[in-house]
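To start, the structure itself, in structure tokens.
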Amino acid sequence: AQTVTQSQPEMSVQEAETVTLSCTYDTSESDYYLFWYKQPPSRQMILVIRQEAYKQQNATENRFSVNFQKAAKSFSLKISDSQLGDAAMYFCAYRGAQGGSEKLVFGKGTKLTVNP
Amino acid sequence: DAGVIQSPRHEVTEMGQEVTLRCKPISGHNSLFWYRQTMMRGLELLIYFNNNVPIDDSGMPEDRFSAKMPNASFSTLKIQPSEPRDSAVYFCASSPRTSGSRDEQFFGPGTRLTVL
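Residue numbers (my numbering), protein chains in the order written: chain A, 1 to 116; chain B, 1001 to 1116.
Laid out in structure tokens, this is it:
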């Protein structure tokens, strides 16, 4: 079974600085998708960024980018120019691309605090 | 679009009572997911449907839990009888499930269930 590990239960960053959240996963599949979701205090789950495993180029979405290392099974999220609104729980998630399964497997999350 | 709609937003009940959580997916989406979020176990997939048919119910904890999707615009998750350990936030999500298989899952606001 696939597993997703987020080793940092909590992180903090100063406003306007850069922070990197770590995520590792375990799978025997060769093709899959990886996601970062944000959950602010409102509880709403919001997709931040996604990466297809077959793509070597790291995904970017404005201030958010990933460092995808397939061989190491690592998928970190970098937030540049951090803003107060970035404060939230961040969840890394995995979804296999074989067999048609749509199941998302989540890590336990990292709580990000942004200090003014 | 109204997004995924869940009701109720909060539910407080007593042990032994039946609880029914409701979900209306985004119109046109043909995959629907039920997740449970707890501090101890994080976010877990309970069950998901594709075209109203249950595809993977391996996450349903026990026979006390049941889920139905009688039509494309409505699903229920029922717990009978409820127990204090069922206290959690229950999320419903939907996805368009196009051939590209990279579709985002759109989450509802969740139902916070407290079983006393």
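Even glycine gets a Cβ: it sits at the ideal position worked out from N, Cα and C.
Source: prediction; values computed, not measured.
Pairwise C-alpha distance: residue 1084/B and residue 1015/B: 6 Å
Any Cβ of chain A within less than 9 Å of the Cβ of residue 1056/B? yes
Using DSSP with H/G/I as helix, E/B as strand and the rest coil, what is residue 1085/B? helix
If you measure from the beta carbon of residue 42/A to each beta carbon in chain B, is any gap under 9 Å? yes
For residue 81/A, three-class secondary structure by DSSP: coil
Mind listing the chain B neighbours of residue 64/A? Cutoff is C-beta to C-beta under 7 Å, in chain order. Chain B residues near residue 64/A: none, gap ~15 Å exceeds 7 Å.
The stretch 1069-1076 of chain B in contact with the stretch 1046-1054 of chain B per 3-pair CB rule at 8 Å: yes
Can the beta-carbon of residue 1041/B be found less than 9 Å from the beta-carbon of residue 1111/B? no
Is it buried or exposed for residue 55/A, if we count other Cβ within 10 angstroms and need 16 for buried? exposed
Mapping DSSP to helix, strand and coil, what is residue 26/A? strand
Using a Cβ cut-off of 7 Å, pull out every chain A residue sitting near residue 1043/B, in sequence order please. 91, 106
Is the beta carbon of residue 33/A closer than 9 Å to that of residue 90/A? no
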